[in-house]
Amino acid sequence: MTTFGHKLYGYTAIGAALVALSAGAATAQDQDTFQMGAIVSITGGGAAIGTAASMGWELAVAEINAAGGILGQQIELTIADSETDPTHAVSEARRLVENVGIGGMVGPVTSQETIPVTAVLTEAGVAQVTTAASPTLTPDVAPYHFSNSPTGLNQMIANVIYAVEVLGAENIALISDNGGMSQAAAAEIAAYMEELGSPLVEIQEFAFRAEDMTPQIFSMRQSGADAILLINSLVDDTRRFLQNREEIGWYVPVLGSLTLTNYAAGIANDLGEEVFEDVVSVQFSGMTYCAGDPIGESDFAQYAARATEAYPDIAEVGGPSGIAPFYVEPHILAQAIEGAGTTDGAEVAAWIEANAAEIDNMLGTFGASGTNHFLPSSDAMVVVQNPYAQREDGLVERIQCDG
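Written as structure tokens, this is what we have:
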């Protein structure tokens, strides 16, 4: 059993660390601690993400503490509630920097909240790892920010190639939420497909937590679309799209983003597997399997076993894959700070830029540079089928396999 960049540990050590983590600040302040901040929506419209993020972060911190902590210090994790409000997220970031004295940050989750928060962390010289995927988060704008998400375009390139080259789709439409990441991704994908010679026939948009997407779906059907690209951030919107699509009974192929994959198990539990008819999506290659691959041996499979033991009710947030994007963030931050030997944001960022490919993770090969802080590339993404049907070790089945 391995941890990412740390020595071996056992389940007992994880359990003890989780208990210590939840014991509160009073206990933590009695020892030499590393203060790690986190921001996510615990309340408000994005609260569903907050549960999954908190679980992932807490498990990772427990593991890192069991393996020795960061720079010889045990981590105290302080999770702040953004209330799904970018302005409040900024206020909480300032509190974490000025009052708590954090040496590193994970979160927020959405680009809308992350973009203004990076200004606070840049001023304070604090390194940050998030899942935000807006292409506006360049090193010039946010020099100490890194994302473990691919950009929207890199996330969907595998879907586009599959739709064009395998499905033979000629009239592809796109639907996305109105968040900054999704809007930027839609524009980039439209330009990319123009270059491919397969321009989008329709682009539709919906608001976060939309109650009804049937107008957008009817419009795409009227356009003659023979495949749909779905890009969104919230599981509630994925659920609504699939539900409305089934109600209309329009079953052209749907090719979803990571949000669909990571929460497919929970959606299938709520709505039934039938809503996934003709639905595929993308996933990190490290979270997938091909026929004949051994069960339980991959890094992700071993993580899934630990996550399931730590959280018996993990299926309610989509299983181990539902918390995986957040689980890797403290591990990335810990390796970078250890590698740099300091919490100074500039030095941590320089270390990641020089050593991203060596960062131990369960997703896929990372890369970074002075112009790109989005760690996964398009090569790390593959198309999967039946995303709700996780193998017993938590992996999902890749559609195309070598050989």
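First residue of the sequence shown? That's 14 in this note's numbering, and the numbers climb one at a time after it. Just so you know, even glycine gets a beta-carbon here, dropped at the ideal spot from N, CA and C. Remember, it's a predicted structure, so these values are computed and weren't measured experimentally.
Residue i burial status per 10 Å Cβ neighbour count (16 or more: buried)
i, result
"I308", "exposed"
"T149", "exposed"
"T100", "exposed"
"V173", "buried"
"V179", "exposed"
"P228", "exposed"
"G23", "Because G23 sits at a pLDDT of 35, beneath the cut-off of 50, its placement in the model cannot be relied upon, and the point is left open."
"E405", "exposed"
"I261", "exposed"
"S294", "buried"
"G383", "exposed"
"P325", "exposed"
"E310", "exposed"
"N112", "exposed"
"T56", "exposed"
"R411", "buried"
"E89", "buried"
"G63", "buried"
"G192", "buried"
"A281", "buried"
"G116", "buried"
"G285", "exposed"
"Q403", "buried"
"G269", "buried"
"C414", "exposed"
DSSP beta-bridge partners of residue i
i, result
"L268", "L242, V293"
"L187", "I216, L242"
"G50", "T91, M118"
"H158", "Q141"
"S382", "N385"
"M357", "The sequence as given places Asp at residue 357; Met does not occur at that position. Beta-bridge pairing links D357 to V139."
"Y302", "E410"
Limits of the alpha helix (DSSP H) - the one that residue i falls within
i, result
"V179", "Note, V179: premise wrong, no alpha helix (DSSP H); not H, not E."
"G279", "277 to 284"
"I345", "333 to 353"
"A369", "No alpha helix (DSSP H) contains A369, which DSSP labels as neither H nor E."
"R411", "Taken as a continuous stretch (DSSP letters only), R411 belongs to no alpha helix (DSSP H), being part of the beta strand (DSSP E) at 409 to 411."
"W70", "60 to 79"
"G82", "From DSSP, G82 is part of no alpha helix (DSSP H); its letter is neither H nor E."
"N257", "248 to 261"
"P99", "99 to 108"
"D312", "312 to 323"
"T227", "227 to 235"
"S195", "193 to 209"
For residue i, the first and last residue of its enclosing beta strand (DSSP E)
i, result
"Q87", "87 to 94"
"V396", "394 to 398"
Whole-angstrom C-beta distance between residue j and residue i, which should lie under 8 Å
i, j, result
"T274", "Q256", "No, T274 and Q256 are not in contact; Cβ-Cβ is about 18 Å, not under 8 Å."
"A204", "S189", "So it is not a contact: roughly 15 Å between Cβ atoms."
"I52", "W70", "With 8 Å as the limit, I52 and W70 do not qualify as a contact, their Cβ atoms being about 11 Å apart."
"M194", "S246", "7 Å"
"A146", "G335", "At roughly 17 Å, the Cβ-Cβ gap does not stay under 8 Å, so A146 and G335 are not in contact."
"V265", "D225", "Their Cβ separation, rounded to whole angstroms, is 19 Å, which puts V265 and D225 out of contact at 8 Å."
"V267", "D249", "Between D249 and V267 the Cβ distance is about 17 Å, and since that is not below 8 Å, they are no contact."
"L408", "Y302", "4 Å"
"A370", "F379", "6 Å"
"S54", "S95", "5 Å"
"P343", "V119", "6 Å"
"F221", "G58", "7 Å"
"P163", "P333", "Not a contact, Cβ separation roughly 20 Å."
"L187", "L242", "4 Å"
"A323", "L72", "5 Å"
Three or more C-beta pairs below 8 Å linking the segment 270 to 289 and the segment 390 to 404: Taking a cut-off of 8 Å for Cβ pairs, the segment 270 to 289 and the segment 390 to 404 touch, as three or more such pairs fall below it.
contact_flag[the segment 43 to 57, the segment 308 to 322] where n(CB pairs < 8 Å) is 3 or more: Because the criterion of three Cβ pairs below 8 Å is not met, the segment 43 to 57 and the segment 308 to 322 do not touch.
The segment 350 to 367 contacting the segment 132 to 147, beta-carbon criterion three pairs below 8 Å: Yes: at least three Cβ pairs fall under 8 Å.
Meets three-Cβ-pair contact criterion under 8 Å: the segment 341 to 357 and the segment 104 to 111: Segments in contact, no.
Meets three-Cβ-pair contact criterion under 8 Å: the segment 150 to 160 and the segment 207 to 214: Three or more Cβ pairs closer than 8 Å define a contact, and the segment 150 to 160 falls short of that threshold against the segment 207 to 214.
The segment 73 to 86 touching the segment 120 to 135, judged by at least three CB pairs closer than 8 Å: Touching, no, given that fewer than three Cβ pairs across the two stretches are closer than 8 Å.
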